[in-house]
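Undergrad:
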Amino acid sequence: MDLSKIKTLIDFVGRSNITELSVTEKDVTVRIFRMLPSQEAAAETQQEAGSTINPAQDAGADTPSRPEKTDAVKAPVFGVLHRTPAPGEPPFVAIGDEVEEGQTLFIIEAMKVFNTIAAPRAGRITHLTEIDDGEVETGDLLAEIG
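Quick note: the sequence shown uses the working numbering, first residue 1389, plus one each step.
1) For T1396, name the three-state secondary structure that DSSP assigns.
2) Any idea which residues DSSP pairs F1502 with across the strands?
3) Hey, I1533 and L1469 are a contact pair by Cβ (cut 8 Å); roughly how many whole angstroms apart?
4) In terms of alpha-carbon separation, which member of I1505, H1515, A1463 lies closest to G1490?
5) Does V1401 come out as helix, strand or coil in the three-state DSSP assignment?
6) Check the C-beta distance from A1510 over to V1524 and give it rounded, since I have them as a contact under 8 Å.
7) Mark R1403 as exposed unless 16 or more other C-beta atoms lie within 10 angstroms of its C-beta, in which case mark it buried.
8) Going by DSSP, name the residue or residues bridged to G1522.
9) Residues in its own chain within less than 6 Å of T1472 by CB, not counting five upstream and five downstream?
10) Considering only residues of the same chain and omitting the five flanking positions on each side of R1419, which have a CB-CB separation below 6 Å?
11) At the level of alpha carbons, what is the spacing between T1492 and A1507?
12) Within this structure, are the beta carbons of G1527 and K1457 separated by less than 8 Å?
13) By how many angstroms is the C-alpha of A1498 removed from the C-alpha of A1531?
14) Could you tell me if F1494 is buried or exposed, where buried requires 16 or more neighbouring beta carbons within 10 angstroms of its beta carbon?
15) Using 10 angstroms around the beta-carbon of I1483, count the other beta-carbons present and answer buried if the total reaches 16, otherwise exposed.
Written as structure tokens, this is what we have:
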């Protein structure tokens, strides 16, 4: 893969809401990562404080009877949503499934690039979109994890 293609990919990631892109051409794989501004601020705060405390864990420590929070999984880009890894295969997840943080939930195909959408945290799938092999817009609700 030549440098002009790599620069084009970097520019694409910079202009989009994608935080990770992996492209393979022949025997070369290029992976591009980008932190969102909120992630950068959190990383800087943790470095300055020298702490690895998770505020979400601390908030729940004092209130065990609190209803479980749900996290929305939204489409980071416009594209075609695929709920299965390949045609004819079972979906990545179904309502009620327990998922681990980082587990693949969907694939969004945008400009011939397949972007995996991963679970932001461990939990149970409480809502799934009905869309499969159809277009989604940036910000569309794809799933909820409770």
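In this text, a Cβ means the ideal position worked out from N, Cα and C, and glycines have one as well.
TA: Judging by the given coordinates:
1) Position 8 of the sequence shown, counting from 1, holds the residue named residue 1396. Helix.
2) As a position in the sequence shown, residue 1502 is number 114, starting the count at 1. DSSP output for F1502 lists E1497 as bridge partner(s).
3) Stepping through the sequence shown from its first residue, residue 1533 is reached at position 145. Stepping through the sequence shown from its first residue, residue 1469 is reached at position 81. About 17 Å; that fails the 8 Å criterion.
4) In the sequence shown, residue 1490 corresponds to position 102, counting from 1. Answer by Cα proximity: I1505.
5) For the purposes of this step, residue 1401 is taken as the residue at position 13 of the sequence shown. V1401 falls in the helix class under three-state DSSP.
6) Residue mapping note: residue 1510 aligns to position 122 of the sequence shown, counting from 1. Residue mapping note: residue 1524 aligns to position 136 of the sequence shown, counting from 1. The Cβ separation is near 24 Å, so there is no contact.
7) By one-based count along the sequence shown, residue 1403 stands at place 15. Exposed is the call here.
8) As a position in the sequence shown, residue 1522 is number 134, starting the count at 1. In the DSSP output, where bridge partners are listed per residue, G1522 has L1469.
9) Against the sequence shown, residue 1472 aligns to sequence position 84. Closer than 6 Å at Cβ, skipping near neighbours: P1479.
10) As a first step, residue 1419 must be located in the sequence shown, where it is residue number 31. S1410, listed in sequence order.
11) Indexing the sequence shown from 1 puts residue 1492 at position 104. Indexing the sequence shown from 1 puts residue 1507 at position 119. Looking at the two C-alpha atoms, the distance is approximately 6 Å.
12) By 1-based counting over the sequence shown, the position of residue 1527 is 139. By 1-based counting over the sequence shown, the position of residue 1457 is 69. Cβ distance not < 8 Å, so G1527 and K1457 don't count as in contact.
13) Taking the sequence shown and counting its residues from 1, one reaches residue 1531 at position 143. Taking the sequence shown and counting its residues from 1, one reaches residue 1498 at position 110. About 19 Å.
14) By 1-based counting over the sequence shown, the position of residue 1494 is 106. F1494 is buried by the Cβ-count criterion.
15) Here the question's residue 1483 lines up with position 95 in the sequence shown. I1483 comes out exposed.
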